[in-house]
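Report on one structure; see the data block that follows.
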Amino acid sequence: MQWLCLSCCLMHFCGQTTSFDLNIKTRDRECIKVQCIRLHIKETEMLCLRDFIVFISVIVLIVQSSDGSEIIGGKEVQPHSLPFMALLQRPLCGGILISPTWVLTAAHCADIKEVLLGVHSIKESETESRQVREVVSHVRHPCYDAENYANDLMLIKLDKPVSQTKTVKCLNLGKTVRDPAAGTSCLVAGWGKTNNMGRKMSDVLRSVNVTVIDRVLCNTGEYYSLNPVITSGMICAGSDGKNVADTCEGDSGGPLLCNGELIGVTSFGQKCGLIKKPGVYSFLSQKQLKWIKKTLDKSEI
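With mature numbering (1 follows the signal peptide of the UniProt record, and there is no 0) as the guide, the letters of the sequence shown map in order to residues -19 to -1, 1 to 282.
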């Protein structure tokens, strides 16, 4: 009897672990469970061609659907060319500096204690560019639903204002945001995992262009099959059909930028880099922008 083992990821919601919908993951967690497939093969028997093909197919699927990967298809950005990017710890997530004291990220990026600004390389000290702030409070969207990923947004208040420099700058939110049409090319960025088989995050900030996919198509059986339902509050974006492009673990909370405007926040996906399972982003609709403004205004009173 031979055994074939593969890693799979469990979902984490609000600090708890669940064992359902193993393929759908928010993009801030690491694989923690090993699942084994038992292959019943007698030593005296030879696999027929059909069984051999099935066996090889299983191997290929395991390799292709591995959970760890970087900003898929991306490249290292010019250092500090995205000065609003925030590195959140722990767990590792991305974020967007939207005011001197507030960072926007994903609601599932729970228990963040520290925020780093002006980061390009994680391992380098970057003393001239980097600013470190402690977290005073977390404000999750009041309608956040961890089961269906609705309103996966959170505001993090810093212990003191950042100094705006060439390497640390706020990204101004518009008063209105247009729902990007299918086919629109948008930019995503983060310090996500660096290869399909490993657990290592990218040391440097990376980015890639993803293509917006129609919600109706994203809900079909070929894509997410309504599990979960891709709502009007979400944006599907990934491969253009030719080149693979995606976000992955470690990229949660990072920006989705379309035509230079912040349109969404990295939320979840099934595996990483699968053409028919694109990344899903929380859409910064007019309603969400009002919630953000109200929260920031209230903090100044």
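Even glycine gets a Cβ: it sits at the ideal position worked out from N, Cα and C.
Three-state secondary structure assigned by DSSP to residue i
| i | result |
| --- | --- |
| TRP172 | coil |
| ARG196 | helix |
| ASP92 | coil |
| GLU24 | Note that GLU24 scores a pLDDT of 36, beneath 50, so its modelled location is shaky and nothing firm can be said. |
| SER280 | helix |
| LEU238 | strand |
| LYS271 | helix |
| PHE65 | coil |
| ILE53 | strand |
| residue 316 | Any answer about residue 316 is impossible in this case: the structure gives the chain only from -19 up to 282. |
| ILE40 | Confidence in ILE40 is poor, its pLDDT being 39 and thus under 50, which makes the residue's placement too unreliable to answer from. |
Own chain residues within Cβ distance below 6 Å of residue i, not counting five before or after
| i | result |
| --- | --- |
| residue 328 | Absent from the structure is residue 328, since the part of the chain shown begins at -19 and ends at 282. |
Alpha-carbon to alpha-carbon, residue j and residue i
| i | j | result |
| --- | --- | --- |
| ASN132 | ILE103 | 29 Å |
| TRP272 | ILE216 | 19 Å |
| LEU63 | LYS147 | 10 Å |
| ARG187 | LYS150 | 18 Å |
| GLY250 | ARG8 | 7 Å |
| TYR262 | PRO142 | 28 Å |
| GLU281 | LYS274 | 11 Å |
| SER106 | ARG114 | 15 Å |
| ASP278 | ASN224 | 42 Å |
| SER110 | LYS268 | 35 Å |
| GLY202 | ASP140 | 46 Å |
| ARG196 | VAL116 | 35 Å |
| LEU255 | GLY54 | 12 Å |
| MET182 | HIS61 | 18 Å |
Buried versus exposed call for residue i [16 or more other C-beta atoms within 10 Å across all chains shown]
| i | result |
| --- | --- |
| CYS199 | buried |
| GLN45 | Low confidence applies to GLN45: its pLDDT is 39, below 50, so where it sits in the model is not reliable enough to give any reading. |
| GLN112 | buried |
| ASP227 | buried |
Chain-order list of residues whose beta-carbon lies under 7 Å from that of residue i (same chain, five-residue window excluded)
| i | result |
| --- | --- |
| SER266 | VAL158, GLY214 |
Chain C contact for residue i (CB, 7 Å cutoff)
| i | result |
| --- | --- |
| PRO81 | In summary, chain C is missing from the structure at hand, where a single protein chain is found. |
Query raised in the report: Should the segment 206 to 214 be called in touch with the segment 230 to 248, which here means at least 3 C-beta pairs below 8 Å?
Result: no
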